[in-house]
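Trainee: Numbering follows my numbering, in which position 356 of the sequence shown is assigned residue number 877; successive positions increment by one, without gaps. The C-beta atom is built at its ideal place from N, Cα and C for all residues, glycine as well. Since this is a predicted model, take the numbers as computed values, not measurements.
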Amino acid sequence: MSLKLETTLKQKMIISQTMVQSLDILSYSAEEIQSWLKEQEEKNPCLKFENYRRDVITLDKDIRGNEDNFIQEVMEQLLGSNISKRTLELVKLILADLSDTGFLTQSREEMSACFRSTIKEVNEAIALIQSCEPKGMACKNLQEFLVLQADKMPIFVKDILSNYYNLFLHQKWGHLSKESGYSLEKIKETAGYISKMKTRPLSREGSGPINVAADITVEICHGELEITLHPHAFPQTAYDFGFVNAWNADKKATRFLRSQMLEAKMLAEQLQLRRETAHRIIEKIVDRQERFFMEEPNQLKSLTMTDLANELNLSVSTVSRAVQSKYVETPHGLFSMRHFFANSNNFLDESKMTKNQLKNFIYIAIKNEDKKKPVSDQKIVERLHEKGIDVSRRVIAKYRDQMNLPASYNRKIW
522 MSLKLETTLK QKMIISQTMV QSLDILSYSA EEIQSWLKEQ EEKNPCLKFE
572 NYRRDVITLD KDIRGNEDNF IQEVMEQLLG SNISKRTLEL VKLILADLSD
622 TGFLTQSREE MSACFRSTIK EVNEAIALIQ SCEPKGMACK NLQEFLVLQA
672 DKMPIFVKDI LSNYYNLFLH QKWGHLSKES GYSLEKIKET AGYISKMKTR
722 PLSREGSGPI NVAADITVEI CHGELEITLH PHAFPQTAYD FGFVNAWNAD
772 KKATRFLRSQ MLEAKMLAEQ LQLRRETAHR IIEKIVDRQE RFFMEEPNQL
822 KSLTMTDLAN ELNLSVSTVS RAVQSKYVET PHGLFSMRHF FANSNNFLDE
872 SKMTKNQLKN FIYIAIKNED KKKPVSDQKI VERLHEKGID VSRRVIAKYR
922 DQMNLPASYN RKIW
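(1) Should the region 737 to 748 be regarded as contacting the region 671 to 681, the criterion being three or more beta carbon pairs within less than 8 Å?
(2) Can you tell me the Cα-Cα spacing of Q670 and S652, whole angstroms?
(3) Here's the rule I'm using: 16 or more other beta-carbon atoms within 10 Å means buried, otherwise exposed. How should K919 be labelled?
(4) In the DSSP output, which residue or residues are listed as bridge partners for D569?
(5) Roughly how many angstroms separate the alpha carbons of K846 and D545, rounded to a whole number?
(6) Determine the DSSP secondary structure at C635, reduced to helix, strand or coil.
(7) Do I640 and A659 count as a contact pair if the criterion is CB distance below 7 Å?
(8) Which residues does DSSP list as the beta-bridge partners of C653?
(9) Return the residue from the list R842, F666 and P852 that minimises the CA-CA distance to A799.
(10) Quick check on the burial criterion: 16 or more other C-beta atoms within 10 angstroms. Buried or exposed for H906?
(11) Within 10 angstroms of the Cβ of A754, are there 16 or more other Cβ atoms? Answer buried if so, exposed if not.
(12) Assess, as a yes-or-no matter, whether the region 707 to 722 is touched by the region 681 to 692 under the definition of 3 or more beta carbon pairs within less than 8 Å.
(13) What residues in its chain sit with their C-beta under 7 Å from that of S605, if we drop five residues either side in the sequence?
(14) Inspect the CB distances between the region 896 to 914 and the region 926 to 933 and report whether three or more fall short of 8 Å.
(15) Out of T720, A774 and H751, point me to the one whose CA is closest to A734's CA.
(16) If you draw a straight line from the alpha carbon of N687 to that of L619, how long is it in whole angstroms?
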């Protein structure tokens, strides 16, 4: 093979790898990009970069935004496993797509299309997630989550949940006893076990404060919003080719150094693209959510990743990766970058309560209820009215159903 042809093929391979790598580094957190750059510098003598100081903030769980640290915790549990990068990336995407309570929000077929993966790959990623703590993440519904928890309980509990769930849920005890062959005493015993089970895989309770540094700052300067991308999160690397001429006499060394030069240039371009993509995204966010930054933190407008991707001529997956594990310091505190995306369906008419906030209100009301006198949907409506939130009983029932929480008459412990 001629030197010219060999060089051309190597360049094509590097370019192909660069495209994949560019997508990977978009999703890197500040710590991950710094660690990755250090590895590259150790491998490539042409590279130089600075290790910038980070101003760390202790972020309380109540103000961290939409993105909890459970993704990082799950990924850490998978470290050391023989898992491909593609599968790990799919695990991250599915975790980021889970509901606030940890359930799947899409069917496996929909995820396959959305994440450009096969059903087999999606199933493998979900299996990996479900092997991690907290148990039950990525279940499709409450029934599947309850069945999962019944693994270490008497076999009849799992059997009733698996095969007679609807009869049990609607308290049709006589019919359930006739269909299953279990006595009413066994069914009552099952109810006791189930009453002690969790009703959602994820909960913000018990998650302590985390240490994070702002990747981006948006501040008000002379009445205008100013954006700053911090160098520890969006570093720019330099390369030094001055010493290459000293090796001109050694053809083998020269060939190696020229390949390293090419890789160094491409890496610099990847970092610049990562920086530019993040800047374009935050500019659009600031433009759309100006009222949030200038006035009040509860003034979010409808903005989806699809909307923003279309406006910037990017793919949704690119936007999703670019905002992953990134934090923005604002005049109102530190927020996850994902916090600024809100679907119009997440807002309740003219009230200032989002759909997620309402769901959380319903969940807490039911969680803290007297199980012998469960709180009704109407009672929740009345509590909301006291807070100035005008919501109908039908809406409460709808969101309660979406969280797989039974009606009050089915929650009563007898």
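Mentor: Quick answer:
(1) no
(2) 13 Å
(3) exposed
(4) First, the residue type needs correcting, since residue 569 is Lys and not Asp in the sequence shown. BP columns for K569 point to A759.
(5) At residue 846 the sequence reads Ser, which differs from the Lys that was named. Looking at the two C-alpha atoms, the distance is approximately 13 Å.
(6) helix
(7) no
(8) Its beta-bridge partners do not exist; DSSP assigns none.
(9) R842
(10) exposed
(11) buried
(12) yes
(13) none
(14) yes
(15) H751
(16) 25 Å
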